[in-house]
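A short write-up of the structure that comes next.
There are 2 protein chains.
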Amino acid sequence: MTPTAKQRLRLWVHENYKEILQVGFRVERTLFSGESEFQRIDIVEADGFGRMLFNDGAVMLSERDEFVYHEMISHVPLFVAPHPRRVLVIGGGDGGTVREVLRHPSVEYCRLVEIDPLVLEGCRKHIPKTAASLDDPRVEVRVEDGVKHVAETSDRFDVVLVDSSDPIGPAAPLFGPAFYADVRRVLADDGIVVSQAESAFYEIETQRGLLAILGRCFPRVHLYNYSNLTYPGGLWSFSFASKGDRCPIADLDTRRLAACGIDFRYYGERQHRAAFVLPAFQERALAGQLTPHKSRG
Amino acid sequence: MTPTAKQRLRLWVHENYKEILQVGFRVERTLFSGESEFQRIDIVEADGFGRMLFNDGAVMLSERDEFVYHEMISHVPLFVAPHPRRVLVIGGGDGGTVREVLRHPSVEYCRLVEIDPLVLEGCRKHIPKTAASLDDPRVEVRVEDGVKHVAETSDRFDVVLVDSSDPIGPAAPLFGPAFYADVRRVLADDGIVVSQAESAFYEIETQRGLLAILGRCFPRVHLYNYSNLTYPGGLWSFSFASKGDRCPIADLDTRRLAACGIDFRYYGERQHRAAFVLPAFQERALAGQLTPHKSRG
Chain A
18 MTPTAKQRLR
28 LWVHENYKEI
38 LQVGFRVERT
48 LFSGESEFQR
58 IDIVEADGFG
68 RMLFNDGAVM
78 LSERDEFVYH
88 EMISHVPLFV
98 APHPRRVLVI
108 GGGDGGTVRE
118 VLRHPSVEYC
128 RLVEIDPLVL
138 EGCRKHIPKT
148 AASLDDPRVE
158 VRVEDGVKHV
168 AETSDRFDVV
178 LVDSSDPIGP
188 AAPLFGPAFY
198 ADVRRVLADD
208 GIVVSQAESA
218 FYEIETQRGL
228 LAILGRCFPR
238 VHLYNYSNLT
248 YPGGLWSFSF
258 ASKGDRCPIA
268 DLDTRRLAAC
278 GIDFRYYGER
288 QHRAAFVLPA
298 FQERALAGQL
308 TPHKSRG
Chain B
18 MTPTAKQRLR
28 LWVHENYKEI
38 LQVGFRVERT
48 LFSGESEFQR
58 IDIVEADGFG
68 RMLFNDGAVM
78 LSERDEFVYH
88 EMISHVPLFV
98 APHPRRVLVI
108 GGGDGGTVRE
118 VLRHPSVEYC
128 RLVEIDPLVL
138 EGCRKHIPKT
148 AASLDDPRVE
158 VRVEDGVKHV
168 AETSDRFDVV
178 LVDSSDPIGP
188 AAPLFGPAFY
198 ADVRRVLADD
208 GIVVSQAESA
218 FYEIETQRGL
228 LAILGRCFPR
238 VHLYNYSNLT
248 YPGGLWSFSF
258 ASKGDRCPIA
268 DLDTRRLAAC
278 GIDFRYYGER
288 QHRAAFVLPA
298 FQERALAGQL
308 TPHKSRG
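First to last, the sequence lines map onto chains A and B. Take the first sequence: its letters are residues 18 to 314, numbered as in the working numbering. Take the second sequence: its letters are residues 18 to 314, numbered as in the working numbering.
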């Protein structure tokens, strides 16, 4: 033990995952804690990870690695959609997804629908790195139930991003069939919806269920992976579905991507293509549910 | 609390990583514990992960996800080497790497050089899933210091696999320049060496150091990634260096791979290629140290 270790308590917070795994972070101090009608929200400063957001004890983001999730949920569909002007984000009250969406100059309007005002309050106060984007004039924030919102709105969007937590608690209906029928309705004819689709290793049944629902609403359904630091198991997935026939590989707008000038930290053209190559076990488990890619040319 | 939880103690073991992260597994029972002159070895039965091997408290493998590491360390070089007959494994006393090497019918001889007899003893008793391979007649096990072994042997190998633990403790010299000069010597003219190269997120400096050493010994140096469940941060890397000019993309033997009949759980042709696409931050950090791929055809 070093002298420093003797002088100071070491506080750890552990996310418990499926009763078999714990992922723990060393907490310097707690910045924000509260309970809304939906969930408990905590924001802490964690040694080596910066500020971290927890919903009901599950890690939502850390400042250290949030760029992975936020680049991958947004740039993949936005460089496949032909000319994305209007984007709808369901959930994602931390603002990280909106921040990446706004890096696309074609985007004129981005609507964020977050069910829980406490997420917005906590992140606006303590995680400006992601939440500052919510003050951009192109952004409209609505504190509403996303499921109800897509059921009732008559507005249309080029891209919908479902930036949800796990399919328990307030996010559960975001994994259901009624929600995706409505998402289809609010999408433009060649629109794309990308959704947080859980862990490749631990949640293959959830992935099958989500793809089955998407397959009933959309002619083209894919899944892609990304590696982040703070989610259990590291390798997580997003689903990709297009209402028209935009293929994420053949219809990637490589010219726009090459000219965009965005200094990506995770994403890029090769990274985009590689993300759709799934480990053999995952590919096999989801066989029959994924649309083959179009051949190029 | 459920009634079951009341009846039973819950035991957890946590790997401490860099004082900022803990990864914990629920232990059903301890199967093996001992201390050698090199390190402490523990084998436990963990809920949801099967049997797990720890060296000095760091996870080496779990039965649940060991297939990822072992397929990726072995098949990538073995499908690029033109006709691999003789393979040298340094470390890897659990036997998982040897098991995958033996799935290649061209391999006539595989030598495992493990420094610590306690690893061999523990795995042979308690992890037959990987260690059973060590009894194959094509395998010779030597209990020796791998660094000394490559310095002294006059034998030659088509592929060398450095299946080491972290660059602290007994594995530290396996990340050094003297070792790789000797590896170069024992390799056939078109031979390939692949080495465990630590975490993409946490150990970029270690990766730079290793690639710099490899770059002084080999004309062609690459890095590729894989995602496993039980190593901190999920995304880890292997280095790839060839003494001749075998490129892991252009010289992949797709015909042999397509005909091999191995039921991979992680690996495959597309997975092979995708593994060499690194996240943008890693690619940038290692720029100048990685050899460009040959153009095909």
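Built from N, CA and C at the ideal position, the CB exists for glycine as well.
Would you say A/P194 and A/R233 are within 9 Å of each other, going by their C-beta atoms?
It is a contact, given that the beta carbons lie within the stated cut-off.
Which of helix, strand or coil DSSP assigns to B/V294:
coil
Helix, strand or coil at B/S181 [DSSP, three-state]:
coil
Could you tell me which chain A residues have their CB closer than 7 Å to the CB of B/A291, listed as they occur along the chain?
A291, V294
Tell me which residue opens and which closes the alpha helix (DSSP H) that A/R159 is part of.
Counting along the chain, A/R159 falls outside any alpha helix (DSSP H), though it belongs to the beta strand (DSSP E) covering 156-160.
Would A/Y243 and A/L252 qualify as a contact pair, given that the criterion is a beta-carbon distance under 9 Å?
yes
Is there at least one Cβ from chain A nearer than 9 Å to B/Q39's Cβ?
yes
Starting from the N-terminal side, write out each stretch of the alpha helix (DSSP H) that is 4 residues or longer and does not extend beyond the region 169-252 of chain A.
As far as the region 169-252 of chain A is concerned, its whole alpha helix (DSSP H) runs of at least 4 residues are 194-203, 221-234.
Is it buried or exposed, A/G51, if we count other Cβ atoms within 10 angstroms and call 16 or more buried?
exposed
Would you say A/T147 and A/R237 are within 9 Å of each other, going by their C-beta atoms?
no
Classification of A/R27 by the beta-carbon crowding that lies within 10 angstroms, buried from 16 upward
Exposure of A/R27 is indicated by the presence of fewer than 16 other C-beta atoms within 10 angstroms of its C-beta.
Is it true that the CB of A/I144 sits closer than 9 Å to the CB of A/F255?
no
Between A/L70 and chain B, is the shortest Cβ-Cβ distance under 9 Å, so that the two count as touching?
no
Going along chain B, which residues have a C-beta under 9 Å from A/G113?
By Cβ distance, chain B contributes nothing, its closest Cβ being about 16 Å from A/G113, past 9 Å.
In whole angstroms, give me the CA-to-CA distance for A/S53 and A/Q213.
23 Å
Check the DSSP bridge columns for B/M69 and list the partner residues they point to.
B/V61, B/S79
Span of the alpha helix (DSSP H), counted from its first residue to its last, around A/E54
From DSSP, A/E54 is part of no alpha helix (DSSP H); its letter is neither H nor E.
Distance check for A/D133 and A/F66, CA to CA, integer angstroms please.
Approximately 24 Å between the Cα atoms of the pair.
Provide the residue(s) that pair with B/M40 in DSSP beta bridges, ordered along the chain.
Rather than Met, the amino acid found at residue 40 of chain B in this sequence is Val. B/V40 is bridged to A/V40, B/E32.
Cβ-based burial, A/P122 [other Cβ within 10 Å; buried from 16]
exposed
Span of the beta strand (DSSP E) around B/L129:
126-131
Expressed to the nearest angstrom, what Euclidean distance is found between the alpha-carbon atoms of A/P101 and A/D172?
15 Å
Counting C-beta neighbours from all protein chains within 10 Å, is the total for B/D152 16 or more, i.e. buried, or is it exposed?
So B/D152 counts as exposed.
I want to see whether chain B comes within less than 9 Å of A/E215, judged by CB atoms only; does it?
no
If the cut is a Cβ gap below 8 Å, which residues of chain B does A/H31 touch?
Q39, G41
Alpha-carbon spacing of B/D280 relative to B/P265, whole angstroms
21 Å
Does the beta carbon of A/G3 come closer than 9 Å to any beta carbon on chain B?
Residue numbering for chain A in the displayed model covers 18 to 314; residue 3 of chain A lies beyond these limits and cannot be assessed.
To the nearest angstrom, how far is the alpha carbon of A/D270 from that of A/E169?
Distance between the alpha carbons of A/D270 and A/E169: 32 Å.
With a cut-off of 9 Å, does the C-beta of A/L137 fall near any C-beta of chain B?
no
Excluding the 5 residues preceding and the 5 following A/V200 in the sequence, name in chain order all residues of the same chain whose CB lies nearer than 8 Å to its CB.
V167, V177, V179, V210, C234
Provide the residue span of the beta strand (DSSP E) that contains A/L105, from first to last.
103-108
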